[in-house]
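Q: Sequence lines, in order, name chains D and F.
The first sequence maps to residues 0 to 276 in numbering that gives the first Met the number 0.
The second sequence maps to residues 0 to 262 in numbering that gives the first Met the number 0.
Where is the CB? At the ideal position from N, CA and C, for every residue including glycine.
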Amino acid sequence: MRKTAYPYVIWLGIFIVIPLLLILYFAFTTGDSQNLSAFKFSLDNFKRFFTPIYLKVLGRSVNLALISTILCLILGYPAAYIIAKEKVRKRNVMILMFVIPMWMNFLLRTYAWLTLLGRNGLINTIITKIGFQPLDLIYNDKAVLLGMVYNFLPFMVLPIYSVLVKIDKNLIEAAEDLGANKTTVFSKVIFPLSIPGIMTGITMVFIPAVSTFIISSLLGGNKYNLIGNLIEQQFRWTGDWHFGSSMSIILMIFILITMALTSKFDKDKEGGGGGLW
Amino acid sequence: MVNKGIKRLYTFLIFLFLYAPIIVLIVFSFNNSKSRGVWAGFTLKWYIELFQDANILKALYYTILIAVLSAIISTIIGTFAAIGISNMPGISKKIVLNLNYLPVLNPDIVTAVSLMVLFRFLKLDFGFTTMLLSHITFCVPYVILSVLPKLKQMNKHLAEAAMDLGATPFYALRKVVIPEIRPGIITGALIAFTLSVDDFVISFFNTGKGVSNLSIEIFSMTRRGINPVINALSTLMFVGLMIMLLIIYKRTEKNEIEKGEVR
Numbered sequence: 000m001r002k003t004a005y006p007y008v009i010w011l012g013i014f015i016v017i018p019l020l021l022i023l024y025f026a027f028t029t030g031d032s033q034n035l036s037a038f039k040f041s042l043d044n045f046k047r048f049f050t051p052i053y054l055k056v057l058g059r060s061v062n063l064a065l066i067s068t069i070l071c072l073i074l075g076y077p078a079a080y081i082i083a084k085e086k087v088r089k090r091n092v093m094i095l096m097f098v099i100p101m102w103m104n105f106l107l108r109t110y111a112w113l114t115l116l117g118r119n120g121l122i123n124t125i126i127t128k129i130g131f132q133p134l135d136l137i138y139n140d141k142a143v144l145l146g147m148v149y150n151f152l153p154f155m156v157l158p159i160y161s162v163l164v165k166i167d168k169n170l171i172e173a174a175e176d177l178g179a180n181k182t183t184v185f186s187k188v189i190f191p192l193s194i195p196g197i198m199t200g201i202t203m204v205f206i207p208a209v210s211t212f213i214i215s216s217l218l219g220g221n222k223y224n225l226i227g228n229l230i231e232q233q234f235r236w237t238g239d240w241h242f243g244s245s246m247s248i249i250l251m252i253f254i255l256i257t258m259a260l261t262s263k264f265d266k267d268k269e270g271g272g273g274g275l276w
Numbered sequence: 000m001v002n003k004g005i006k007r008l009y010t011f012l013i014f015l016f017l018y019a020p021i022i023v024l025i026v027f028s029f030n031n032s033k034s035r036g037v038w039a040g041f042t043l044k045w046y047i048e049l050f051q052d053a054n055i056l057k058a059l060y061y062t063i064l065i066a067v068l069s070a071i072i073s074t075i076i077g078t079f080a081a082i083g084i085s086n087m088p089g090i091s092k093k094i095v096l097n098l099n100y101l102p103v104l105n106p107d108i109v110t111a112v113s114l115m116v117l118f119r120f121l122k123l124d125f126g127f128t129t130m131l132l133s134h135i136t137f138c139v140p141y142v143i144l145s146v147l148p149k150l151k152q153m154n155k156h157l158a159e160a161a162m163d164l165g166a167t168p169f170y171a172l173r174k175v176v177i178p179e180i181r182p183g184i185i186t187g188a189l190i191a192f193t194l195s196v197d198d199f200v201i202s203f204f205n206t207g208k209g210v211s212n213l214s215i216e217i218f219s220m221t222r223r224g225i226n227p228v229i230n231a232l233s234t235l236m237f238v239g240l241m242i243m244l245l246i247i248y249k250r251t252e253k254n255e256i257e258k259g260e261v262r
């Protein structure tokens, strides 16, 4: 029954492989977007990117994505741990509560933060009522970070949780029988066993965080740029697909590096696919 | 005891963080004022306006139509692909699975712009077709990834046994393989549907000609100010989903009890 995969293999070729090859082709050429045959090979797009203005944007994107990944881990690990220790019925409900918000349109949920954080928003209203000066909570780095943590926290909690609940209880009991106290059990047994979940969580948070352009344009204000915003501008407005493609390639390289780093720790990945990544 | 209190407080704060914006949305869908942050009394007028707003209703229509179509098509393609892949020899299986991972791991925006370049290159008109094609493309890999584990769990010789007993391959597929992997197929279809409903980035780059979904509509609204009508719509969708969830929960609970009695 091998043949049943052939239609999808053709689909893969047309809609996944060829588009990426086109991006690669655009990245290494210059010319008028309308006339494919007139393209010339060139490294100009990459040269243009490796100038201080654009490198700064890349640096800020990577930096924000890293901080938000770390924050998600710090906030998410204890949450996953607490939930995993609950009784089956209760923990199923609690995990479901992490998934439910994702069913509401994420643009709308992110936008709702404006109501909370804005100059006349709820938080500032409360602060001024108590008698303090209103704070600048919106259109800055912190607001973008908050948006990232808010949107991607479930992606950190879910994989860590699913690893934690699978840990063999006998291992923990054995460690306790052998005289380990709670801290030792955690640091020598539970934590090492949960590393695969952490690694999945890190990739699942870092990838969307480093490439987002919506969170930054909603909560960061119009002038706020991340690499995602630059790519969006090139394809939607400026029309320089060559430059946009080269930035997409650079973004992909960053993702590949992340995957390589995290998969080193994640040795018992379930067999089958994904070996390359 | 103190420890338990800290745990309770911590989970409460995390859930408060997750649900605060949603509560705000729901509360402000009953607010008698267009401006955010000011409470001007209770009203249902946004709910009434919702059913008169042609743009939003059209976007809702396209969102659901595309989600249903792409869920059905990608589930069919994905299920057959998964069955085929699981029977492939080692090396080609590895290649196909790795290519299948590309849209899952690639940032949305890269998948989106690469499809946009392809469609421009093929000289397709941007609109319904391009949006549907792009949605199917990013949904199929998830269907495959949820069906494959079920195929792995299944006894390999079942289909062979059926065919030895005279079943045609198609009959064996229909009567033996598909029922065995049904949970995986259903999960895959649900994932595909949710991904499609919630998608913004890929739709944003691959639509045109007055075809838009709710996400695109909301994004353009954030530029000129959100119409509270959209809050009303999301409240309705949220409540709808919760009701659906409750029904499923009650039904599985009932099933479990019935099964327990049989045993």
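Below 8 Å, how does it come out for the region 182-198 of chain F and the region 125-144 of chain F: are there three or more Cβ pairs, yes or no?
A: Cβ pair count under 8 Å is three or more, so yes.
Q: Output the distance between the C-alpha atoms of tryptophan 10 of chain D and alanine 173 of chain D, rounded to the nearest integer angstrom.
A: Locating residue 10 of chain D in the first sequence gives position 11, counting from the first residue. Locating residue 173 of chain D in the first sequence gives position 174, counting from the first residue. Using only the alpha carbons, I get a separation of about 51 Å.
Q: Hey, how far is the Cα of alanine 4 of chain D from the Cα of lysine 93 of chain F?
A: The residue you call residue 4 of chain D lines up with position 5 of the first sequence. The residue you call residue 93 of chain F lines up with position 94 of the second sequence. Taking the straight line joining both Cα atoms gives about 13 Å.
Q: What does threonine 183 of chain D pair with, by DSSP beta-bridge criteria?
A: The count along the first sequence starts at 1 and reaches residue 183 of chain D at position 184. Threonine 183 of chain D is not bridged to any residue.
Q: Rounded C-beta distance between alanine 142 of chain D and leucine 136 of chain D? I'm assuming under 8 Å.
A: In the first sequence, counting from the first residue as 1, residue 142 of chain D sits at position 143. In the first sequence, counting from the first residue as 1, residue 136 of chain D sits at position 137. At roughly 6 Å, the Cβ-Cβ gap stays under 8 Å, so alanine 142 of chain D and leucine 136 of chain D are in contact.
Q: In its own chain, which residues sit with a C-beta less than 7 Å from the C-beta of arginine 1 of chain D, not counting the 5 before and 5 after it?
A: Here residue 1 of chain D refers to the residue found at position 2 of the first sequence. So the list is empty, once near-sequence residues are dropped.
Q: Using a Cβ-Cβ cutoff of 8 Å, what residues of the region 106-139 of chain D are near chain F? List them in chain order.
A: Per Cβ criterion, the list reads Leu106, Leu107, Arg108, Thr109, Tyr110, Ala111, Trp112, Leu113, Thr114, Leu115, Gly117, Asn119, Gly120, Leu121, Thr124.
Q: Can you name the residues that DSSP bridges to lysine 39 of chain D?
A: If you number the first sequence from 1, residue 39 of chain D lands on position 40. The partner list for lysine 39 of chain D (beta bridge, DSSP) reads D:Thr29.
Q: When the cut-off is 8 Å and only beta carbons count, does lysine 46 of chain D lie next to chain F?
A: Here residue 46 of chain D refers to the residue found at position 47 when the first sequence is read from its first residue. Not an interface residue.
Q: Output yes or no for whether 8 Å exceeds the beta carbon distance between leucine 115 of chain D and leucine 106 of chain D.
A: On the first sequence, position 116 is the one that residue 115 of chain D refers to. On the first sequence, position 107 is the one that residue 106 of chain D refers to. No; because the gap between Cβ atoms is not below 8 Å, this pair is not in contact.
Q: In three-state DSSP terms, what is asparagine 99 of chain F?
A: Working through the second sequence from its first residue, we reach residue 99 of chain F at position 100. Helix at asparagine 99 of chain F.
Q: Taking the alpha-carbon positions, what's the proline 102 of chain F to valine 196 of chain F distance?
A: Here residue 102 of chain F refers to the residue found at position 103 of the second sequence. Here residue 196 of chain F refers to the residue found at position 197 of the second sequence. Cα to Cα, the separation comes out at about 17 Å.
Q: Give me the residue from D:Met103, D:Phe97, D:Leu144, D:Phe40 with the minimum Cα distance to leucine 70 of chain D.
A: On the first sequence, residue 70 of chain D is found 71 positions in, with the first residue counted as 1. With distances taken between Cα atoms, leucine 70 of chain D lies closest to D:Leu144.
Q: Would you kindly report the start and end of the unbroken alpha helix (DSSP H) that includes threonine 257 of chain D?
A: Walking along the first sequence from the start, residue 257 of chain D turns up at place 258. Where threonine 257 of chain D is concerned, the enclosing alpha helix (DSSP H) stretches over 240-264.
Q: How about the region 240-250 of chain D and the region 160-168 of chain D: do they share at least three Cβ pairs that are nearer than 8 Å?
A: No contact exists between the region 240-250 of chain D and the region 160-168 of chain D.
Q: Taking only the alpha-carbon atoms, compute the straight-line gap between proline 168 of chain F and methionine 258 of chain D and give it to the nearest angstrom.
A: Within the second sequence, residue 168 of chain F is the residue found at index 169, counting from 1. Within the first sequence, residue 258 of chain D is the residue found at index 259, counting from 1. Taking the straight line from one Cα to the other gives about 39 Å.
Q: Three-state secondary structure (DSSP) at asparagine 54 of chain F?
A: Residue mapping note: residue 54 of chain F aligns to position 55 of the second sequence, counting from 1. Here asparagine 54 of chain F sits in helix by DSSP.
Q: Going along chain F in order, which residues have a C-beta closer than 7 Å to the C-beta of valine 16 of chain D?
A: The residue labelled residue 16 of chain D in the question sits at position 17 within the first sequence. Result: Leu98.
Q: Please classify proline 363 of chain D as buried or exposed, where buried requires at least 16 neighbouring CB atoms within 10 angstroms.
A: Any question about residue 363 of chain D goes unanswered here, given that chain D covers just 0 to 276.
Q: Which residues in the same chain have their Cβ closer than 8 Å to the Cβ of aspartate 124 of chain F, if we skip the five residues on either side of it in sequence?
A: Numbered from 1 along the second sequence, position 125 holds the residue referred to as residue 124 of chain F. Contacts found: Gly207, Lys208.
Q: Any residues in the region 13-25 of chain F with a beta carbon nearer than 8 Å to a beta carbon of chain D? Which ones, in chain order?
A: The residues in question are Ile13, Phe14, Phe16, Leu17, Tyr18, Ala19, Pro20, Ile21, Val23, Leu24.
Q: Report yes if the CB atom of glycine 58 of chain D is closer than 8 Å to the CB atom of isoleucine 108 of chain F, and no otherwise.
A: By 1-based counting over the first sequence, the position of residue 58 of chain D is 59. By 1-based counting over the second sequence, the position of residue 108 of chain F is 109. Cβ atoms of glycine 58 of chain D and isoleucine 108 of chain F: not closer than 8 Å.
Q: Check this for me: beta carbons of serine 202 of chain F and isoleucine 215 of chain F, under 8 Å apart or not?
A: Taking the first residue of the second sequence as position 1, residue 202 of chain F is located at position 203. Taking the first residue of the second sequence as position 1, residue 215 of chain F is located at position 216. Contact flag set, yes.
Q: Could you tell me the distance, in whole angstroms, from the CA atom of phenylalanine 40 of chain D to the CA atom of phenylalanine 25 of chain D?
A: Stepping through the first sequence from its first residue, residue 40 of chain D is reached at position 41. Stepping through the first sequence from its first residue, residue 25 of chain D is reached at position 26. Computed Cα separation, rounded: 9 Å.
Q: Please tell me whether phenylalanine 199 of chain F and isoleucine 213 of chain D are closer than 8 Å, where the distance is taken between their beta carbons.
A: Walking along the second sequence from the start, residue 199 of chain F turns up at place 200. Walking along the first sequence from the start, residue 213 of chain D turns up at place 214. Taking 8 Å as the Cβ cut-off, phenylalanine 199 of chain F and isoleucine 213 of chain D qualify as a contacting pair.
Q: Is arginine 1 of chain D close to chain F? Criterion is C-beta to C-beta, closer than 8 Å.
A: Residue mapping note: residue 1 of chain D aligns to position 2 of the first sequence, counting from 1. It does; some Cβ of chain F falls within 8 Å.
Q: Between the region 54-81 of chain F and chain D, which residues of the former have a C-beta closer than 9 Å to a C-beta of the latter?
A: So the close ones are Ile76, Gly77, Thr78, Phe79, Ala80, Ala81.
Q: Should lysine 6 of chain F be flagged as near chain D, meaning a C-beta pair shorter than 8 Å?
A: Numbered from 1 along the second sequence, position 7 holds the residue referred to as residue 6 of chain F. Output row for lysine 6 of chain F: interface = yes.
Q: Would you tell me roughly how many angstroms separate the C-alpha atoms of threonine 183 of chain D and asparagine 104 of chain D, rounded to the nearest one?
A: If you number the first sequence from 1, residue 183 of chain D lands on position 184. If you number the first sequence from 1, residue 104 of chain D lands on position 105. The alpha-carbon atoms of threonine 183 of chain D and asparagine 104 of chain D are separated by roughly 42 Å.
Q: Using the three-state DSSP reduction, which class does phenylalanine 29 of chain F fall into: helix, strand or coil?
A: Position 30 of the second sequence, counted from the first residue, corresponds to residue 29 of chain F. Reduced to three states, the DSSP call for phenylalanine 29 of chain F is coil.
Q: Just checking: is the beta-carbon of proline 100 of chain D within a distance shorter than 8 Å of some beta-carbon in chain F?
A: The count along the first sequence starts at 1 and reaches residue 100 of chain D at position 101. Cβ-Cβ to chain F under 8 Å: yes for proline 100 of chain D.
Q: With a CB to CB cut of under 6 Å and the five nearest residues on each side skipped, what residues in its chain are close to phenylalanine 14 of chain F?
A: On the second sequence, residue 14 of chain F is found 15 positions in, with the first residue counted as 1. Contacts found: none.
Q: For tyrosine 46 of chain F, tell me which candidate among F:Thr128, F:Lys57, F:Asn31 has the shortest Cα-Cα distance.
A: For the purposes of this step, residue 46 of chain F is taken as the residue at position 47 of the second sequence. Out of F:Thr128, F:Lys57, F:Asn31, F:Asn31 has the C-alpha closest to the C-alpha of tyrosine 46 of chain F.
Q: What would DSSP say about phenylalanine 205 of chain D, mapped onto helix, strand or coil?
A: Looking up residue 205 of chain D in the first sequence gives position 206. Helix, per DSSP.
Q: Buried or exposed, going by whether 16 or more other CB atoms sit within 10 Å of the CB of glutamate 159 of chain F?
A: Locating residue 159 of chain F in the second sequence gives position 160, where the first residue counts as 1. Exposed, since its Cβ has fewer than 16 Cβ neighbours within 10 Å.
Q: Against chain F, does leucine 54 of chain D count as a neighbour if the rule is that its beta carbon must be under 8 Å from one of theirs?
A: Against the first sequence, residue 54 of chain D aligns to sequence position 55. No, its Cβ sits nowhere closer than 8 Å to a Cβ of chain F.
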